[in-house]
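Numbering (our numbering), first residue to last: 20 to 169.
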């Protein structure tokens with residue numbers, strides 16, 4: 020599993036120009052799933068995201084996690100995180116999980132994050148062509164991979 024997360028002051032996702040999810044002050048998480056991912060990958064990633072101390076404390080230092088900051092999370096499925104571009108210029112997505120498997124992992128991952136966060140997470144629409152608007156805070160952008168633990 021791979022994610023690209025961004026600390027945002029606000030973010031929203033729309034389908035056909037209709038907003039289906041929005042947050043203020045929190046994390047926009049783009050999540051991609053590969054064929055070999057297991058429940059352990061989802062659990063590790065959920066815990067790591069919620070434990071990252073990338074929010075400012077009272078002294079302005081990045082010392083608080085999302086829960087301590089009272090932040091919100093918007094999670095978008097993003098199979099293109101598994102793009103391979105070793106041959107030619109057209110990316111291949113052969114390592115991304117097939118849509119049916121990916122949908123289950125996405126649903127399970129969103130539920131795991133929501134449960135640990137203690138509140139509902141906002142989500143995109145799996146498989147849809149979405150428009151995402153965000154205002155980066157920092158900016159803080161972190162890429163993570165459950166296989167390499169980086």
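By construction, the Cβ of each residue, glycine as well, lies at the ideal position given by its N, Cα and C atoms.
- Residue range 118 to 136 is occupied by the alpha helix (DSSP H) that includes residue 123, with no beta strand (DSSP E) assigned at that position.
- Collapsing the DSSP output to three states places residue 51 in a strand.
- Apart from the 5 residues on each side of it in sequence, residue 152 sits with its Cβ closer than 6 Å to the Cβ of 31 in its chain, given in chain order.
- Within the same chain, 23 come within 6 Å of residue 162 by CB-CB distance, once the 5 residues on both sides are set aside.
- A direct Cα-Cα distance of roughly 32 Å separates residue 66 from residue 105.
- For residue 31, the enclosing beta strand (DSSP E) has its first and last residue at 21 to 34.
- As the crow flies, the alpha-carbon of residue 74 is around 14 Å from that of residue 43.
- Rounded to the nearest angstrom, the gap between the Cα atoms of residue 123 and residue 92 is 19 Å.
- One alpha carbon belongs to residue 148, the other to residue 34, and they sit about 7 Å apart.
- Taking C-beta atoms under 8 Å as the contact rule, residue 96 and residue 125 qualify, at a distance of about 5 Å.
- Rounded to whole angstroms, residue 146 and residue 118 show a C-alpha spacing of 8 Å.
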